[in-house]
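So the structure is just underneath, and the comments pick up after that.
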Amino acid sequence: MIVMSQHPVGDTAADAVGGVAAEIDELVIAGRGYRSRLLVGTGKFSSHEAMRASLLASGAQIVTVALRRVDLDRAGAGDVLDFVPAGMTLLPNTSGAVDAGEAHRLARLGRAATGTGLVKLEVTPDPRTLAPDPIETLRAAELLVADGFTVLPYCSADPILARRLEEAGCATVMPLGSWIGSNRGLRTRDAIEAIVAGAGVPVVVDAGLGAPSDAAEAMEIGADAVLVNTAIAVADDPVRMARAFALATVAGRLGHLAGPAGASVGTGGATVASASSPLTGFLGALGAVAPAAPSASTAPSASSASTAPTASAAPRGGVGGGAG
1 MIVMSQHPVG
11 DTAADAVGGV
21 AAEIDELVIA
31 GRGYRSRLLV
41 GTGKFSSHEA
51 MRASLLASGA
61 QIVTVALRRV
71 DLDRAGAGDV
81 LDFVPAGMTL
91 LPNTSGAVDA
101 GEAHRLARLG
111 RAATGTGLVK
121 LEVTPDPRTL
131 APDPIETLRA
141 AELLVADGFT
151 VLPYCSADPI
161 LARRLEEAGC
171 ATVMPLGSWI
181 GSNRGLRTRD
191 AIEAIVAGAG
201 VPVVVDAGLG
211 APSDAAEAME
221 IGADAVLVNT
231 AIAVADDPVR
241 MARAFALATV
251 AGRLGHLAGP
261 AGASVGTGGA
271 TVASASSPLT
281 GFLGALGAVA
291 PAAPSASTAP
301 SASSASTAPT
311 ASAAPRGGVG
321 GGAG
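Going by full-length UniProt numbering, the sequence shown opens with residue 1, and the numbers climb by one from there.
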């Protein structure tokens with residue numbers, strides 16, 4: 001059952017995150033700054049109204065929409081674009097394209113219909129995995145850049161391909177975390193870390209992020225932004241989930257900027273414990289002022305010990321008693 005949260009949201013996407021997003025630096029794509037580092041898709045929502053409410057709650061400033069879902073003639077009522085909040089940057093995508101030529105045609109149709117030169121490039125010929133075709137994606141990127149588009153390509157988590165896409169003139173690279181819609185999280189972490197280390201353009205982790213913790217993890221390892229759709233759209237409460245992803249994205253970025261501590265590693269690479277409040281110095285100082293333990297020669301003998309008062313002889317309420 002889909003539940004819609006009733007907590008208030010702003011009239012524009014930027015209102016929702018408020019002061020939280022102000023704690024992190026701006027995301028800059030093709031010279032334009034964005035306060036939010038969360039991009040959100042528009043597919044799979046139960047209704048256009050649920051989509052709109054979730055977009056607002058997310059605080060996102062960039063929203064992706066599949067061109068095949070857009071009324072390019074704008075002749076019908078209730079088109080998905082009518083429910084995108086004011087002030088959001090529209091990022092049409094070429095979802096469904098199976099080769100470079102088809103992606104180019106879709107992008108040109110989208111530019112004519114929406115007036116934007118931004119395009120999220122997707123070339124996914126395999127309907128089973130929806131894995132991006134690396135060869136056709138690179139070919140399409142070259143065609144689109146030459147045609148004046150600002151290209152944000154969805155790609156496999158391949159550091160070499162990411163570098164080639166950047167060299168082709170793409171404004172970002174968007175490696176997958178796991179299969180589209182799988183909600184399996186950041187299965188490509190090592191490769192994404194390598195992409196981040198070598199990239200000169202923003203790295204946006206796209207696809208497969210299933211929980212807010214996945215978004216936080218991607219941001220912590222240095223991704224510049226994340227794109228989420230299915231995990232929000234199919235949640236029991238998509239509005240609350242959108243808010244959760246917004247906060248997780250900010251938290252992950254803050255953690256990255258703060259410089260997280262590395263793992264504590266011992267001999268042989270094993271993880272070892274490291275006390276946050278070591279007692280070594282304290283115990284040493286304590287030993288210096290504590291009275292010395294009695295030696296064997298000064299310890300009371302068995303005969304003298306027998307003359308000590310028994311517990312029963314101690315007065316009530318005194319040292320030997322239990323009351324007090």
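Note that CB positions come from ideal geometry on N, CA and C, so glycine has one too.
Is the beta carbon of residue j closer than 8 Å to that of residue i?
i, j, result
"G185", "G208", "yes"
"P202", "I29", "yes"
"T64", "T94", "no"
"P132", "C155", "yes"
"V98", "P125", "yes"
"L171", "A215", "Note on identity: in this sequence residue 171 is Ala, with Leu being the wrong assignment. No, these two residues do not count as a Cβ contact at 8 Å."
"L38", "V228", "yes"
"A211", "L27", "no"
Applying the criterion that 16 or more other CB atoms from any shown protein chain within 10 Å of the CB defines a buried residue, is residue i buried or exposed?
i, result
"residue 339", "Any property of residue 339 remains undetermined from this structure, which presents the chain solely from 1 to 324."
"residue 328", "Outside the modelled stretch of the chain, which goes from 1 to 324, sits residue 328, for which no answer is possible."
"A235", "buried"
"I180", "buried"
"L257", "exposed"
"T129", "exposed"
"V3", "Only weak support is given to the placement of V3: the predicted model assigns it a pLDDT of 41, under 50, and the question is left unresolved by the model."
"A246", "buried"
"I135", "exposed"
"D82", "exposed"
"D190", "exposed"
"E49", "exposed"
"G31", "exposed"
"G59", "buried"
"T307", "Bear in mind that a pLDDT of 49 at T307, under 50, signals an unreliable position, so the number given afterwards is only what the model happens to contain. Exposed."
Between residue i and the rest of its own chain, which residues show a CB-CB distance below 8 Å, the 5 nearest in sequence each way excluded?
i, result
"G198", "P159, A162, R163"
"V149", "Residue identity check: residue 149 is Phe in the sequence provided, not Val. Excluding sequence neighbours, F149 sits near A107, R111, G117, L118, V119."
"L254", "E23, I24"
"Q61", "A13, A14, Y34, R35, S36, G87, M88, T89"
"V84", "T42, R52, L55, V63, V65, L90"
"E166", "V173, A199, G200, V201"
"H104", "A140, L143, L144, D147"
Excluding five sequence neighbours on each side, which residues of the same chain lie with their C-beta closer than 7 Å to the C-beta of residue i?
i, result
"S182", "G208"
"G177", "G185, L186, R187, T188, V205, A207, G208, L209, D214, A218"
"E220", "G252, G255, H256, P260"
"A100", "V123, E136, R139, A140, L143"
"A157", "P175, L176, T188, A191, I192, I195"
"K44", "N229, T230, A233, V234"
"E102", "none"
"G115", "none"
Could you name the residues of the same chain whose beta carbon sits closer than 6 Å to that of residue i, not counting the 5 residues immediately before and after it, in chain order?
i, result
"R243", "A57"
"E217", "L186"
"E122", "N93, T94, S95, Y154"
"I232", "S54, P238, M241, A242"
"I195", "P159, A162, P175, V203"
"G169", "V145"
Unbroken beta strand (DSSP E) runs of length 3 or more, entirely within the stretch 61-123: which are they?
62-66, 89-93, 118-121
Let me know the alpha helix (DSSP H) ranges lying completely inside the stretch 166-223, each 4 residues or longer, listed in chain order.
189-198, 212-220
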